[in-house]
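Below is one structure; the comments refer to it alone.
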Amino acid sequence: MPNSKRPIVILIADDDAEDRMLIHEALDESRLKNQIQFVENGEELMDYLHNRGKYSKREEYPTPGLILLDLNMPKKDGREALKEIKSDDHLRLIPIVVLTTSKAEEDILRTYDLGVSSFITKPVTFSALVDVMKTLSKYWFEIVELPPTQ
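Numbering (the numbering used here), first residue to last: 2 to 151.
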């Protein structure tokens, strides 16, 4: 059985305030107890991961054990951030699940090529989103062995 004793932080990168709220509510409804952090674009994501700027306090902004990544964000989109994360020796082991409205085959192929762990198209209903979050939670926090965070 996987080691579930250590808390795993989920970092969600999504520029849409309504989507962030819905994802947070869906995670709450799925009874997930993990700490959840949000960033609104790819630049904030990289600042968080490198503890720069407003994310400089590592105890407040610990290394996540899982990143949920939207692709279409301002400043630095999810594709660029994914490429940067997967090319960084200290960050590349963090599992990344793309959670996006995109259904483009090109996005699916490119993100897997860059090293994404999973690609999920955002469900259109809240109940479907709750089901996705329950499944994600069970898979990533009960079934899979995650690499240790730093």
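Beta carbons: idealized from backbone N, C-alpha and C, even for Gly.
Since the structure is predicted, the reported quantities are computational estimates derived from the model, not experimental observations.
If you count every other CB in all the chains shown that lies within 10 Å of the CB of residue 149, and 16 or more means buried, which is it? Numbered from 1 along the sequence shown, position 148 holds the residue referred to as residue 149. Under this definition residue 149 is an exposed residue.
Residue 54 to residue 27, Cα distance in whole Å? By one-based count along the sequence shown, residue 54 stands at place 53. By one-based count along the sequence shown, residue 27 stands at place 26. Those two C-alpha atoms are separated by around 29 Å.
Can you tell me where the beta strand (DSSP E) holding residue 86 begins and where it ends? Counted from its first residue, the sequence shown places residue 86 at position 85. In the DSSP assignment, residue 86 falls outside any beta strand (DSSP E) and lies within the alpha helix (DSSP H) extending over 79-87.
Three-state class that DSSP yields for residue 145 in the structure shown: Position 144 of the sequence shown, counted from the start, is the residue given in the question as residue 145. Residue 145: coil per DSSP, three-state reduction.
Do the CB positions of residue 23 and residue 70 come within less than 8 Å of each other? Locating residue 23 in the sequence shown gives position 22, where the first residue counts as 1. Locating residue 70 in the sequence shown gives position 69, where the first residue counts as 1. No; because the gap between Cβ atoms is not below 8 Å, this pair is not in contact.
Nearest to residue 34 (by Cα), restricted to the options 138, 104, 146 and 145: Locating residue 34 in the sequence shown gives position 33, counting from the first residue. Considering only alpha carbons, the answer is 138.
Compute the Euclidean distance between the alpha carbons of residue 91 and residue 13, then round it to the nearest angstrom. Counting from one through the sequence shown, the residue named residue 91 turns up at place 90. Counting from one through the sequence shown, the residue named residue 13 turns up at place 12. Residue 13 has its alpha-carbon roughly 19 Å from the corresponding atom of residue 91.
So, with DSSP's three-state summary, where would you put residue 14? For the purposes of this step, residue 14 is taken as the residue at position 13 of the sequence shown. Here residue 14 sits in strand by DSSP.
Could you spell out where the alpha helix (DSSP H) holding residue 118 opens and where it closes? As a first step, residue 118 must be located in the sequence shown, where it is residue number 117. That residue, residue 118, is in no alpha helix (DSSP H); it is neither H nor E in DSSP.
Report the residue from 60, 44, 51 and 95 whose alpha carbon sits nearest the alpha carbon of residue 75. Position 74 of the sequence shown, counted from the first residue, corresponds to residue 75. When the alpha-carbon of residue 75 is set against those of 60, 44, 51 and 95, the nearest one is in 44.
Using a Cβ-Cβ cutoff of less than 6 Å, which residues in the same chain neighbour residue 40 once the five nearest sequence positions on both sides are dropped? Sequence index remark: in the sequence shown, residue 40 carries index 39 (1-based). These residues qualify, in order along the chain: 14, 46 and 49.
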